[in-house]
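Read through the structure below, which is laid out as structure tokens, and then see the notes.
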Amino acid sequence: MSGVARWFQGRWGPASAEGPDGLAAPFRALRSAAAGIGTSLDESTTCTELTRAAVQVAGGCSAVMRRVGETVSGYQVIAGDADLLPDARWATAVARDAGTPAADGWTDPWLTRPLGNHLRPTLCAPLTSGADQYGVLVCAREGTAFTRAEAELLALLAERAASHIRHAREYDQVNRTAADLQRALLSEPGRPHPNLDVSIRYLPAGGRALVGGDWCETVRLHFGRTLLVVGDVMGHGLEAAVDMNAYRSSLRYIASSELPPHRVLRQLDDIAATEADRRPATCLLVRVDPSRGQVTLASAGHLPPALITARGSTALLQVPVGPPLGTGFGGYESATHRIEPDEALVLFTDGLVEHRGEDIDRSLHRLAELHFTPAVDVEGLLESILTRLDARHAEDDVAVLAARPHPRQGGFSSVEEAEG
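In my numbering, the protein residues as written are 11 to 430.
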């Protein structure tokens, strides 16, 4: 009988008729303990699951000391009676002395007893995956020393945890890269004309680093006009962020030709439809002309903007809704509304208002019910909206833009444009 089999027999009793060595039930127990490790891509959760499984297998107490580069932490995750553990400085020295194992070699668990008045059996098993070490599992208990079979079983659990920790750290690195990309893409929107106050916010859902395709943009046009843009590319992650940047770059180029909003959307849709891998996106364009007191809107499957009146009430502006960009269907139209200098526009992605399982009309009605202090600046207006709609706990990413015109003395010259 193997050493592992003898360990099972000693822990769970003599062999029965179930299985060749009567070990089906013990192996099921071990498999159950191992299956409980790595249920998420969170390193702390994996360490907690490992310590619990180690106590289930060996009793006593277990803890994890994490390793990043040459730095070894103290005890961070503990299961069982912490008084059984050796001094953390001793365990840290053991972990550092072990070094990094060879990628093709089996790493023995370290069986030892710490010096002191109370000689408790203690085992240190490295958390290794390939050539990398992510920490050490420290197990201690009263009574008999750990057997070789127990050490190998605990090392097996430690290696399983190490594999999941590796995936968790790689996942975090991808998220950090994606977040850096998102910040780079969103950090430099175009500057509006001085006759328009603008404030922009982007909030990833749940505070997570993983980015999406939500964005806001402002484009200066001639004669004191500014094009406001909010868009939402389908999905999350680097792919959505890359497509968002492609839409954004195309929009800046097309908008510079001074086309009316619905024709800008038409050209954006034509470009996106020729790229098979480009994700569809919704988009709302609002051209603001403070000198004429007008806004011209066009929508590609996007929610309408909100107008905050001089009295502080909220109204949703009517806008013809065409299909999302990238479908190739076209069919966009523009609508024009009046806007006064003491009124404000709010453009947003659906994450600001939507609740899972709720009709979108009800979600928009919640925004339309808001009332604000008259003439509050756009920064204060945006902060009030985010707070009152609890946007920081939204179920989806949120991009929102607030703008208020204030014509300068003398105004600007306007030109009549062909809107077709």
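All C-beta atoms in this analysis are idealised placements derived from N, C-alpha and C, irrespective of residue type, glycine included.
Here the structure is a predicted model, which is why all the values come from computation and not from measurement.
Notebook entry, point to check: Between which two residues does the beta strand (DSSP E) containing Arg-297 stretch?
Noted result: Taking the first residue of the sequence shown as position 1, residue 297 is located at position 287. Note, Arg-297: beta strand (DSSP E), 291-299.
Note to self: Quick check: the Cα distance between Arg-211 and Glu-364, rounded to an integer number of angstroms?
What the structure shows: Counting from 1 along the sequence shown, the entry for residue 211 is found at position 201. Counting from 1 along the sequence shown, the entry for residue 364 is found at position 354. The straight-line gap from Cα to Cα measures roughly 17 angstroms.
Notebook entry, point to check: How should Ala-250 be labelled, buried or exposed, when 16 other C-beta atoms within 10 angstroms of its C-beta is the threshold for buried?
Noted result: What you label residue 250 is simply residue 240 of the sequence shown in a count that begins at 1. Buried is the call here.
Checklist line | Buried/exposed call for Ala-63, threshold 16 Cβ in 10 Å | finding: Taking the sequence shown and counting its residues from 1, the one referred to as residue 63 is at position 53. Answer is buried; the Cβ neighbour count reaches 16.
Margin query: Can you give me the C-alpha to C-alpha distance between Pro-202 and Thr-228, rounded to a whole angstrom?
Written below: Here the question's residue 202 lines up with position 192 in the sequence shown. Here the question's residue 228 lines up with position 218 in the sequence shown. Rounded to the nearest angstrom, the two C-alpha atoms are 6 angstroms apart.
Margin query: Here's a check: name, in chain order, each residue in its chain whose Cβ is nearer than 8 angstroms to the Cβ of Ala-44, leaving out the five neighbours to either side.
Written below: Position 34 of the sequence shown, counted from the start, is the residue given in the question as residue 44. So the list reads Ala-63, Leu-166, Leu-167 and Arg-170, once near-sequence residues are dropped.
Next item on the list: Reducing DSSP to helix, strand and coil, say where Tyr-85 ends up.
Entry: The residue labelled residue 85 in the question sits at position 75 within the sequence shown. Residue state, collapsed to three classes: coil.
Margin query: Here's a check: name, in chain order, each residue in its chain whose Cβ is nearer than 8 angstroms to the Cβ of Ala-112, leaving out the five neighbours to either side.
Written below: Working through the sequence shown from its first residue, we reach residue 112 at position 102. Annotation note: pLDDT 39 at Ala-112 (below 50); position unreliable, coordinate value reported separately. Cβ within range, chain order: Ala-141.
Note to self: Contact defined as beta carbons within less than 8 angstroms: I believe Ser-373 pairs with Phe-382. What is the distance between those atoms, to the nearest angstrom?
What the structure shows: Here residue 373 refers to the residue found at position 363 of the sequence shown. Here residue 382 refers to the residue found at position 372 of the sequence shown. Going by Cβ atoms, the distance from Ser-373 to Phe-382 rounds to 19 angstroms, so no, they are not a contact pair.
Check: Given that a residue counts as buried once 16 or more other Cβ atoms are within 10 Å of its Cβ, and exposed if not, what is Glu-80?
Finding: In the sequence shown, counting from the first residue as 1, residue 80 sits at position 70. With fewer than 16 other Cβ atoms within 10 Å, it is exposed.
Next item on the list: Compare the C-alpha of Ala-404 against each of Leu-362, Ser-139, Ala-345 and Ala-308 and name the closest.
Entry: In the sequence shown, counting from the first residue as 1, residue 404 sits at position 394. Out of Leu-362, Ser-139, Ala-345 and Ala-308, Leu-362 has the C-alpha closest to the C-alpha of Ala-404.
Checklist line | Local conformation of Ser-266 per DSSP, three classes | finding: Residue mapping note: residue 266 aligns to position 256 of the sequence shown, counting from 1. In this structure, Ser-266 counts as coil in the three-state DSSP scheme.
Next item on the list: Using beta-carbon positions only, say whether Pro-136 and Phe-156 come within less than 7 angstroms of one another.
Entry: Residue mapping note: residue 136 aligns to position 126 of the sequence shown, counting from 1. Residue mapping note: residue 156 aligns to position 146 of the sequence shown, counting from 1. Not closer than 7 angstroms, so no.
Notebook entry, point to check: Do the segment 266-282 and the segment 298-310 make contact, defined as three or more Cβ pairs closer than 8 angstroms?
Noted result: yes
Note to self: As a quick exercise: from Arg-297, Tyr-85, Gly-241 and Gly-245, pick the residue whose alpha carbon is nearest that of Ala-265.
What the structure shows: On the sequence shown, residue 265 is found 255 positions in, with the first residue counted as 1. The shortest Cα separation from Ala-265 among Arg-297, Tyr-85, Gly-241 and Gly-245 belongs to Arg-297.
Notebook entry, point to check: Is the segment 383-393 close to the segment 407-418, with three or more CB pairs under 8 angstroms?
Noted result: yes
Next item on the list: Go through the segment 139-182 residue by residue and report every complete run of the beta strand (DSSP E) that reaches 3 residues or more, in order.
Entry: 142-150
Notebook entry, point to check: Measuring CB to CB, does Gly-336 end up less than 7 angstroms from Ala-283?
Noted result: Counting from 1 along the sequence shown, the entry for residue 336 is found at position 326. Counting from 1 along the sequence shown, the entry for residue 283 is found at position 273. In this structure, Ala-283 lies closer than 7 angstroms to Gly-336 by Cβ.
Next item on the list: Determine the DSSP secondary structure at Pro-315, reduced to helix, strand or coil.
Entry: On the sequence shown, position 305 is the one that residue 315 refers to. Looking at Pro-315 - three-state DSSP - the assignment turns out to be coil, as it is neither helix nor strand.
Item checked: With 16 other Cβ atoms within 10 Å as the buried cut-off, status of Trp-116 -> On the sequence shown, residue 116 is found 106 positions in, with the first residue counted as 1. Because the pLDDT of Trp-116 is 45, which lies under 50, any placement of that residue in the model is unreliable, and the number read from its coordinates should be weighed accordingly. With fewer than 16 other Cβ atoms within 10 Å, it is exposed.
Item checked: Arg-186 and Tyr-144 closer than 7 angstroms at C-beta -> The residue labelled residue 186 in the question sits at position 176 within the sequence shown. The residue labelled residue 144 in the question sits at position 134 within the sequence shown. Cβ atoms of Arg-186 and Tyr-144: not closer than 7 angstroms.
Note to self: My output table needs one value for Asp-224: the three-state DSSP class, helix, strand or coil.
What the structure shows: What you label residue 224 is simply residue 214 of the sequence shown in a count that begins at 1. It is a strand residue.
Notebook entry, point to check: The alpha helix (DSSP H) with Gln-66 in it runs from where to where?
Noted result: For the purposes of this step, residue 66 is taken as the residue at position 56 of the sequence shown. Run containing Gln-66: 53-68, per the alpha helix (DSSP H) assignment.
Check: Is it true that the CB of Pro-330 sits closer than 7 angstroms to the CB of Ala-345?
Finding: Locating residue 345 in the sequence shown gives position 335, where the first residue counts as 1. Locating residue 330 in the sequence shown gives position 320, where the first residue counts as 1. The answer is yes: Cβ separation under 7 angstroms.
Check: Name the DSSP beta bridge partners of Ala-413, please?
Finding: Position 403 of the sequence shown holds residue 413. Ala-413 pairs with Val-208 and Leu-355.
Check: Does the Cβ-Cβ distance between Ala-378 and Leu-295 come in under 7 angstroms?
Finding: Within the sequence shown, numbered from 1, the residue matching residue 378 stands at position 368. Within the sequence shown, numbered from 1, the residue matching residue 295 stands at position 285. Their beta carbons are not under 7 angstroms apart, which means Ala-378 does not touch Leu-295 by this criterion.
Note to self: According to DSSP, simplified to helix, strand and coil, what is Gly-303?
What the structure shows: The residue labelled residue 303 in the question sits at position 293 within the sequence shown. Coil at Gly-303, not helix or strand.
Next item on the list: Inspect the beta-carbon positions of Ser-72 and Cys-149 and report whether they are closer than 7 angstroms.
Entry: What you label residue 72 is simply residue 62 of the sequence shown in a count that begins at 1. What you label residue 149 is simply residue 139 of the sequence shown in a count that begins at 1. Taking 7 angstroms as the Cβ cut-off, Ser-72 and Cys-149 qualify as a contacting pair.
Note to self: Tell me which residue opens and which closes the alpha helix (DSSP H) that His-203 is part of.
What the structure shows: By 1-based counting over the sequence shown, the position of residue 203 is 193. Here His-203 belongs to no alpha helix (DSSP H), and DSSP marks it neither H nor E.
Check: What is the residue span of the beta strand (DSSP E) that Arg-76 lies within?
Finding: As a working mapping, residue 76 is identified with position 66 in the sequence shown. Arg-76 -> beta strand (DSSP E) spans 71-78.
Checklist line | Expected contact under 8 angstroms - CB spacing of Gly-245 and Arg-289 to nearest Å | finding: As a working note, residue 245 is residue 235 in the sequence shown. As a working note, residue 289 is residue 279 in the sequence shown. The pair is a contact, with the Cβ atoms about 6 angstroms apart (cut-off 8 angstroms).
Item checked: Of the residues Leu-317, Leu-164 and Arg-258, the one placed nearest Val-240, counting alpha carbons only -> Start at 1 with the first residue of the sequence shown, and residue 240 comes out as number 230. Nearest C-alpha to Val-240: Arg-258.
Check: Which stretch, first to last residue, makes up the beta strand (DSSP E) that contains Val-243?
Finding: Here residue 243 is taken as the residue at index 233 of the sequence shown, counted from 1. Where Val-243 is concerned, the enclosing beta strand (DSSP E) stretches over 236-246.
Next item on the list: Pick out whichever of Ala-98, Ala-172, Ala-89 and Glu-152 has its Cα sitting closest to the Cα of Thr-49.
Entry: Mapped onto the sequence shown, residue 49 falls at position 39. Considering only alpha carbons, the answer is Ala-172.
Check: For Thr-110, which of helix, strand or coil comes out of DSSP?
Finding: The sequence position of residue 110 within the sequence shown is 100, counting from 1. Note that Thr-110 has pLDDT 45, beneath the 50 cutoff, so the model's placement of it is unreliable and the number below is only indicative. Three-state DSSP puts Thr-110 in coil, outside helix and strand.
Next item on the list: Write down the C-beta distance between Arg-151 and Leu-94 rounded to the nearest angstrom, noting that I regard them as a contact closer than 8 angstroms.
Entry: Here residue 151 corresponds to residue number 141 of the sequence shown, with the count starting at 1. Here residue 94 corresponds to residue number 84 of the sequence shown, with the count starting at 1. That belief holds up - the Cβ atoms of Arg-151 and Leu-94 are roughly 6 angstroms apart, short of 8 angstroms.
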